[in-house]
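These notes are about the structure you will find just below.
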Amino acid sequence: MKSLKSKTIKIAVSALFLSISIQTMASPTSPVMRITALGGVNTAIMRVEPPQNFILLPDFSLVSGGLITADFLEYVKFDTGFIYKQSRFNVLNSGISVSNMFYEQFVIPVTARFEFKFLSAGAGFFYETRVKNKFTQVDYGITTGTTLTTLDKAGVRANNFGFMGTLGVRYKLPALPIGFMADIWYLQGLNEMWLNTFDKISLKQKDLQLLIGVSLYL
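What follows is the structure, encoded as C-alpha cells:
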C-alpha cells in the first residue's frame, strides 16, 4: 500500500507540472493554474455481501480540502489535491439503531475533466488513507456510550482506492482572477475494507460528495 500511495502522489505531481508546462508554452499570458478551497458533505455507503443480520446505513459528515487545477487543452483540465473526510455510518440490527461508527481519511483525487462554458464533467481515480488510527463507535441502547479503538481492532482497513466521477459547474468572474465551483463527486472503492477474512464478508465502500469551492486563477 505504501508503494501504491507513493506512486499515486508521484503521478499526480508529474502530470500537474507537465500540463502546466505545455499550457505555458502554448499561451504564456493566460492563467495556467487555479487553486481551489473546498468544503461540503460526504455520504459513505457500505456494501456488505452476503447480506448479514445487520444493515449499514449511510450518514452525513463534513468534507474539506483543496484542489490544484491545470489546463491541458482548451476544454480539458487536470485536477489533483488533498481532501479530508469522515466515513460515518449507522448500524441497524433488527430495525433498531444500535450504533454510529466513523473514522477519518485523507483522499488524493486525480481527475481529467471536460470543461465547456459553465459545465464540467470528469473521471479519474483516487487513493485514500487514514488520518489517524482511530475508530469511534457510539452505542445507543439503555445507556449511551462511546468506544474508541483502532481501525485494526475494529476490523476495518485503513486504505482504499478506486475510480471516481465528477459533475458540476464552474464560473470565473469576468474582471477578477476569482471563480466559484459546485460539484458532485462519486467515489467507487475497489479495496476490501473488512480485515477479518475468516468471516467471509465482503465490505466495500463508496462515497457521494457534494462540494462547493472558491478558486484563485494564477
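Numbering follows my numbering, in which position 168 of the sequence shown is assigned residue number 363; successive positions increment by one, without gaps. Just so you know, even glycine gets a beta-carbon here, dropped at the ideal spot from N, CA and C.
Kindly indicate the opening and closing residues of the alpha helix (DSSP H) around residue i.
{"i": "D347", "result": "L346 to A349"}
Under 8 Å between the Cβ atoms of residue i and residue j?
{"i": "F301", "j": "S256", "result": "no"}
{"i": "Q332", "j": "M359", "result": "no"}
{"i": "V364", "j": "F313", "result": "yes"}
{"i": "N237", "j": "D378", "result": "no"}
{"i": "M376", "j": "G408", "result": "yes"}
{"i": "G350", "j": "L385", "result": "no"}
{"i": "T264", "j": "R242", "result": "no"}
{"i": "L233", "j": "G261", "result": "yes"}
{"i": "S294", "j": "D254", "result": "no"}
{"i": "R271", "j": "A307", "result": "The question names Arg, but residue 271 is Val in the sequence shown. Yes, they are a contact pair."}
{"i": "V258", "j": "Q404", "result": "yes"}
Report buried or exposed for residue i, applying the criterion of at least 16 other Cβ atoms within 10 angstroms of its Cβ.
{"i": "I240", "result": "buried"}
{"i": "D347", "result": "exposed"}
{"i": "F284", "result": "buried"}
What are the boundary residues of the beta strand (DSSP E) that residue i is part of?
{"i": "V227", "result": "Neither: V227 is in no beta strand (DSSP E) and is coded neither H nor E."}
{"i": "W380", "result": "I373 to G384"}
{"i": "P253", "result": "F249 to P253"}
Which of helix, strand or coil does DSSP assign to residue i?
{"i": "T219", "result": "For T219, the predicted structure reports a pLDDT of 45, less than 50, and the residue's modelled location is therefore unreliable. The matter cannot be settled from this model."}
{"i": "F313", "result": "coil"}
{"i": "F267", "result": "coil"}
{"i": "D394", "result": "helix"}
{"i": "V409", "result": "strand"}
{"i": "G370", "result": "Correcting the residue type first, residue 370 is Ala in the shown sequence and not Gly. Three-state result, A370: coil."}
{"i": "Q281", "result": "strand"}
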